[in-house]
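Numbering (this note's numbering), first residue to last: 1425 to 1823. Okay, so here's the structure we're looking at.
Rendered as structure tokens:
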């Protein structure tokens, strides 16, 4: 495996330090070397959170960017992993889908192309996923629960906190005496894409606010916020996947009584998107009842928020949405409706000081499924190739 960073960054780790170790006796070879994270930077999400850089005692080169809070008992530790050289002032902040961690082919493919374009990649593991805390560590994979506390508003706030955290990291890693501007794009796939849509709207509103206490605070002062890059965002659901009302009622009750139990719920098999193949960081098995109920609630809430204008992405500078025409989970029509609604809320040329309105782009991938990048690019799968080409086009356009 190879590292995507030079040795000048204080956050550089040894190769494989934060990648699932190869099992004894495993001799599988990859078509091309994997790109490994150069740093792991967990932070504590909770009230009155402050951030402090901590150097571990085991090695002076290992620097965890951790958070401390006055009420740590209620905090949730969220894992973040960084790819790419700290000298690059462009960052793609990526949020995976439900059941997924950093160790997927989607993250790997993004890391490789970000490296080619000299963009850093920061990946957030949602609570209850990967190395993040939350939920019990009980599944057939043995490592992740896919259980999340709170609700969607809290998860959106965690994504915003993730972006703030990454910006603070980037400023700390710069070696110049003055703070520099960081170009940031928020991205996500499936559930992560949905959360990224809401979070990007809130970030854009904060940056564009006329209230100086909001728009000029230190969180976004040195940020050039590009916008959102959404992959198969969970903005709807295939009607065939929704249980009948009687089952939904039963699901709601059971989700409160036995939230961590998988019963009559979707079965997750991560073997096709695990990267490396032996990783245990992605959830496997029947979804917990609570997770299933949460996902159904989200896919019903999003269309309502879009119709009512609550989710409008009006101030997000650039929005690119990529979705597969054969997505069996989130129908292409649902994504098109989402994009059309966003377009309706864009400011007119008069409202934009006679400049053209910020761009919204919808890119359907012919015959693409829900996991557009959940396969090795070396496999030459046409839909994955077309998707990554669009991602690269976006990165290059904003470099």
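By construction, the Cβ of each residue, glycine as well, lies at the ideal position given by its N, Cα and C atoms. Every value quoted in this text rests on a predicted model; they were computed, and no experiment measured them.
In terms of residue numbering, what span does the alpha helix (DSSP H) encompassing residue 1630 cover?
-> Locating residue 1630 in the chain shown gives position 206, counting from the first residue. Counting along the chain, the alpha helix (DSSP H) containing residue 1630 begins and ends at 1615-1632.
CA-CA distance, residue 1695 and residue 1523?
-> As a first step, residue 1695 must be located in the chain shown, where it is residue number 271. As a first step, residue 1523 must be located in the chain shown, where it is residue number 99. So the two alpha carbons sit approximately 12 Å from each other.
Is there contact between the stretch 1741-1754 and the stretch 1709-1718, where contact requires at least three CB pairs shorter than 8 Å?
-> no
Please determine, among 1591, 1525, 1558 and 1587, the residue with the shortest C-alpha to C-alpha distance to residue 1575.
-> Working through the chain shown from its first residue, we reach residue 1575 at position 151. Per the Cα distances, 1558.
Could you give the uninterrupted runs of the beta strand (DSSP E) lying entirely in the stretch 1734-1775, keeping only those of 3 residues or more?
-> 1742-1748
Could you spell out the range, first to last residue, of the beta strand (DSSP E) harbouring residue 1787?
-> Translated into the one-based positions of the chain shown, residue 1787 becomes position 363. Run containing residue 1787: 1784-1789, per the beta strand (DSSP E) assignment.
Under a Cβ-count criterion, where at least 16 other Cβ atoms within 10 Å of its own Cβ denotes burial, should residue 1520 be classed as buried or exposed?
-> Against the chain shown, residue 1520 aligns to sequence position 96. It is buried - the Cβ of residue 1520 has at least 16 other Cβ atoms within 10 Å.
Residue range of the unbroken beta strand (DSSP E) whose run includes residue 1818 | The residue you call residue 1818 lines up with position 394 of the chain shown. First-last for residue 1818: 1806-1821, but that is the alpha helix (DSSP H), not the beta strand (DSSP E).
Going by DSSP, what residues sit across from residue 1697 in a beta bridge?
-> In the chain shown, counting from the first residue as 1, residue 1697 sits at position 273. Paired residue(s): none; residue 1697 is not in a bridge.
Hey, quick one: how far does the alpha helix (DSSP H) through residue 1731 stretch, first residue to last?
-> Locating residue 1731 in the chain shown gives position 307, counting from the first residue. From DSSP, the alpha helix (DSSP H) with residue 1731 extends over 1713-1732.
Extent of the continuous alpha helix (DSSP H) to which residue 1597 belongs = Position 173 of the chain shown holds residue 1597. Taken as a continuous stretch (DSSP letters only), the alpha helix (DSSP H) holding residue 1597 covers 1576-1597.
Between the C-alpha atoms of residue 1680 and residue 1625, what's the straight-line distance to the nearest angstrom?
-> Stepping through the chain shown from its first residue, residue 1680 is reached at position 256. Stepping through the chain shown from its first residue, residue 1625 is reached at position 201. When rounded, the distance between both Cα atoms is 31 Å.
Counting only the same chain and skipping the five closest in sequence on each side, list residues whose C-beta sits under 6 Å from that of residue 1675.
-> Within the chain shown, the letter at position 251 stands for residue 1675. Same-chain partners within the cutoff: 1717.
Give the straight-line distance between the Cα atoms of residue 1566 and residue 1678, rounded to the nearest whole angstrom.
-> In the chain shown, residue 1566 corresponds to position 142, counting from 1. In the chain shown, residue 1678 corresponds to position 254, counting from 1. For residue 1566, the pLDDT reaches just 47, beneath the cut-off of 50, and the residue's location in the model is therefore unreliable, although a value from the coordinates is still provided. So the alpha carbons of these two residues sit roughly 23 Å apart.
What is the DSSP secondary structure of residue 1387, reduced to helix, strand or coil?
-> Since the displayed the chain opens at 1425 and closes at 1823, residue 1387 lies outside it and no answer follows.
If we ignore side chains and look at the alpha-carbon of each, how far apart do residue 1707 and residue 1457 end up?
-> Residue mapping note: residue 1707 aligns to position 283 of the chain shown, counting from 1. Residue mapping note: residue 1457 aligns to position 33 of the chain shown, counting from 1. For residue 1707 and residue 1457, the distance between alpha carbons rounds to 24 Å.
Using DSSP bridges, identify the partner residues of residue 1524.
-> Position 100 of the chain shown, counting from 1, holds the residue named residue 1524. Paired residue(s): none; residue 1524 is not in a bridge.
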